[in-house]
Structure formats: structure tokens, C-alpha cells
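Student: Numbering (UniProt numbering), first residue to last: 1 to 80. We put the beta carbon where it would ideally sit given N, CA and C, even for glycine. Only a predicted model underlies this, so the values are computations on that prediction, with no experimental measurement involved. Okay, here's the structure, questions in a sec.
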Amino acid sequence: MVHILDLKSIAIENEVVVKVPLQEFLWITTKWLTNAVQLFVCNNIHYRIERFRSSVKCALKRMSIRIDPTFEQDRIEMSC
1 MVHILDLKSI
11 AIENEVVVKV
21 PLQEFLWITT
31 KWLTNAVQLF
41 VCNNIHYRIE
51 RFRSSVKCAL
61 KRMSIRIDPT
71 FEQDRIEMSC
């Protein structure tokens, strides 16, 4: 969906005042907040997964179990 804003710019002493209807402003703000929350949640999940994987690797090293070299390349892909 292409969203076109009807912006009216008025120059007042080297400042540009942009008039945006309230509904448009709320739509943009909601969209931005939704994206920000999704990004935060995805980053948090990625961080937790990486922390878990590194703690597992540390535990395996302490038990002196040989770590499979392919374990490093395993990546958990998430669609964010």
C-alpha cells in the first residue's frame, strides 16, 4: 500500500512548518513504533540464542568434550 501524504510547507523565518493531518500522523507513528518493537524483540531473541549457544559451548569445553567444527557455522535463521 502506497501512502501519500498531503504536506503543506510554510516557510517562516528560515523554518519550515509541515502541516500533517492528525490521522496521517497517528498512522506514521503507529507504523514506526510497531517496527521499533519488532526490531527490539528480534534483536533480543537473537541475543538470547547467541548467549545460550556460547554457554553451551563453554560447558562442553569444561567437560572436555570435542566440539564439532560445524557447530560454529550453524546459524539459527529467523525472519524478522
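Quick check: what's the CA-CA separation for S55 versus P21?
Tutor: Your numbering for residue 55 matches position 55 in the sequence shown. Your numbering for residue 21 matches position 21 in the sequence shown. Approximately 51 Å, taken between the alpha carbons.
Student: If you draw a straight line from the alpha carbon of residue 87 to that of N43, how long is it in whole angstroms?
Tutor: No statement about residue 87 is possible, as the shown extent of the chain runs from 1 to 80 and does not include it.
Student: Taking the alpha-carbon positions, what's the F52 to Q23 distance?
Tutor: In the sequence shown, residue 52 corresponds to position 52, counting from 1. In the sequence shown, residue 23 corresponds to position 23, counting from 1. Each residue's alpha carbon lies about 43 Å from the other.
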